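Everything below concerns the one structure shown next.
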Amino acid sequence: MTVIETTGLRAGAEVAVCTADVLEVNLGECVLLPDGRQVALFKVFDPKMDIERVYAVSNIDPYMNAAVMSRGIVGEHGGVPTVASPLLKQVFRLDDGRSLDDDSLGLEVFRAEIRDGEVIIAY
């Protein structure tokens, strides 16, 4: 887990977690935010826009309460990027965290972007 630089521990804070080039497409990484939360970070290629996007969701699987989502299997459903839990294979949308298996469960989503070559997460 990595934390590089923060803009403060306040509502709406941002943190630079890594450079975008160290992330592998469709493979997750776990990041520890300054407030102690674990985030699963994914870089996904968007073929429609011909760009790479980053997504950040809670690393905690809401079904098993285990910190494993960064090890999940990246895919897509209806053109939307998803991640399947490596434990019981429940699938979650990366854009809004919704579970495709149970409407009552989901992942917390964090705004993530590539800015000047760095991956920035807002929390």
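According to our numbering, the sequence shown holds residues -15 to 107 in order. No residue lacks a Cβ here, since even glycine has one placed at the ideal position from N, Cα and C. Since this is a predicted model, take the numbers as computed values, not measurements.
For E102 versus T3, is the C-beta distance shorter than 8 Å?
E102 is a Cβ neighbour of T3, given a cutoff of 8 Å.
If you reduce the DSSP assignment to three classes, tell me which class D5 lands in.
Residue state, collapsed to three classes: helix.
Pick from R37, Y47, D5 that is closest to P70, judged by C-alpha positions:
Taking each of R37, Y47, D5 in turn and checking the Cα distance to P70, the smallest one comes out for Y47.
Identify which residue in D30, M33, I105, N43 has its Cα closest to the Cα of V119.
The chain is shown from -15 up to 107; residue 119 falls before or after that span and cannot be answered.
Using the DSSP secondary-structure output, state which residues sit across from G90 in a beta bridge.
Paired residues: R82.
Let me make sure I understand the geometry here. Which of Q74, I57, L17 has the alpha-carbon closest to that of Y107?
Selected option, being the one with the closest Cα: L17.
Can you look up R95 in the DSSP assignment and give me helix, strand or coil?
Looking at R95 - three-state DSSP - the assignment turns out to be coil, as it is neither helix nor strand.
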